[in-house]
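Numbered continuously in the working numbering, the sequence shown closes out at residue 136. Structure first, then comments.
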Amino acid sequence: MLVAALLSTPLAAGAALPPYDLTGHWTGVILAASQAFLLDGDFTASSAKVFTGEVEVEGVPCTVRGKRKKVVKLRLVCVDGTKGKLKGLLDIETNSVIGAGRLKKNGQKASAEFAIEKIIPAVCGNGTVEAGEQCD
1 MLVAALLSTP LAAGAALPPY DLTGHWTGVI LAASQAFLLD GDFTASSAKV
51 FTGEVEVEGV PCTVRGKRKK VVKLRLVCVD GTKGKLKGLL DIETNSVIGA
101 GRLKKNGQKA SAEFAIEKII PAVCGNGTVE AGEQCD
């Protein structure tokens, strides 16, 4: 499903972006230097195109500043000195962002690929208690 986002057609020049709220809980993985780093955190939109967040990458606290134009741009700054610049495509249907960028720590740079997805809470009210729900 996430691979489909990489194959999607970019928006035509001048096309308006469909609305999307990046506020919410996001999880995923960053692949860099032959390692997989798990990402888990929350984003808060301050406008239709700008958001911030607090995430953990392999348990290390980081802040995120982001922008959404034709691509989603993420800037990570972690307490261990790691910094990252990531760019990816937003797939509204799958609530995911997939892309690439780079990480930097102690003067060392590494190319990175990443995939993150927004966790959509279960909706109650269909008469059946399902996984993740505490109500019907």
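Glycine included, every Cβ here is placed at the ideal spot set by N, Cα and C. Everything numeric in this text was worked out from a predicted model, so none of it was measured.
Under the three-state reduction of DSSP output, I120 falls in the coil class, being neither helix nor strand. The Cβ neighbour count for C78, taken over all protein chains shown within 10 Å, is at least 16; the residue is labelled buried. Between the region 36-52 and the region 67-76 there are three or more inter-stretch CB-CB distances shorter than 8 Å, so the stretches are counted as touching. Non-local beta-carbon contacts of A100 in its own chain, meaning distances under 6 Å to residues more than five positions away in sequence, involve E113 in chain order. Ranking V97, G81, G125 and S111 by CA distance to the CA of L31 puts S111 first. In the three-state scheme derived from DSSP, where H, G and I count as helix and E and B as strand, D21 is classed as coil. Going by beta carbons, V72 and V55 fall outside the 7 Å limit.
The residue from G84, G88 and S34 with its alpha-carbon nearest to that of V57 is G84. I92 is classed as exposed because its beta carbon has fewer than 16 other beta carbons within 10 Å across all chains shown.
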